[in-house]
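Worksheet for the structure shown next.
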Amino acid sequence: MMTTVADVMTRNVMGIEEKASIMDALKKMKKLRIGCLVVVDGKEAIGILTDADILFKVVSEEKNLSKITVGKIMSKPLITISPDASIDDAAKLMTMNRIKKLPVVGESGKLIGIITATDLIAHSPEFSDILLQMKPPGGATFGA
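Counting with numbering that gives the first Met the number 0, you get residues 0 to 143 for the letters of the sequence shown.
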């Protein structure tokens, strides 16, 4: 039987509005001990904010964390996956797009979960060779 994204994904994903400040986003990420927030407009996922986005687009540019909004630096358009997709499809989508986090959306576009490279590797260690070798735009290899 095929393992689906719904079998492995994390539910109860934390979202943030695009008008929130980066400082607010960082505080939320620290409190929850997570590396990304899905940017939402109501219940619809419209982008993603990762710790790497903050590091490369804000901190390295010495920008004011309280004045920059999430909407200014979030990654978009958002690459998503269906809960019915296979975990093989999730790994392929991550590899093709050089991303480690995929929001899971239902038919209406409503955010219902997230699946990460770490989730895939924990469930199926054979994915580790593929996912851990991805290089982000810029070059250095980074872990899941």
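Think of the CB as a built atom: it goes at the ideal place given N, C-alpha and C, for glycine as much as any other residue.
Separation of M28 and C35 (C-alpha to C-alpha, rounded to the nearest whole angstrom) is 7 angstroms. Per DSSP, the unbroken beta strand (DSSP E) holding D40 starts and ends at 35-40. In this structure, V39 lies near L110, with their beta-carbon atoms less than 8 angstroms apart. Assigned with DSSP and collapsed to three states, V7 falls in helix. The closest CA to that of M0, considering only T9, L92, D87, G108, is found on D87. Uninterrupted beta strand (DSSP E) stretches at least 3 residues long and entirely within the segment 47-106 occur at 100-104, given in chain order. For the pair E106 and A89, the Cα-to-Cα distance works out to about 17 angstroms. The criterion of a C-beta distance shorter than 8 angstroms is not satisfied by V37 and P82. For K27, DSSP assigns no beta-bridge partner whatsoever.
Membership of T117 in the alpha helix (DSSP H) is indicated by the continuous run 116-122. No residue range can be given for G108, since it is assigned to no beta strand (DSSP E) and is classified by DSSP as neither H nor E. Counting the other Cβ atoms within 10 Å of the Cβ of A121 gives fewer than 16, which makes it exposed. Taking 8 angstroms as the cut-off, the beta carbon of I72 is found closer than this to the beta carbon of D52.
Taking the Cβ atoms as the reference, M22 lies roughly 5 angstroms from S65, within the contact range of under 8 angstroms.
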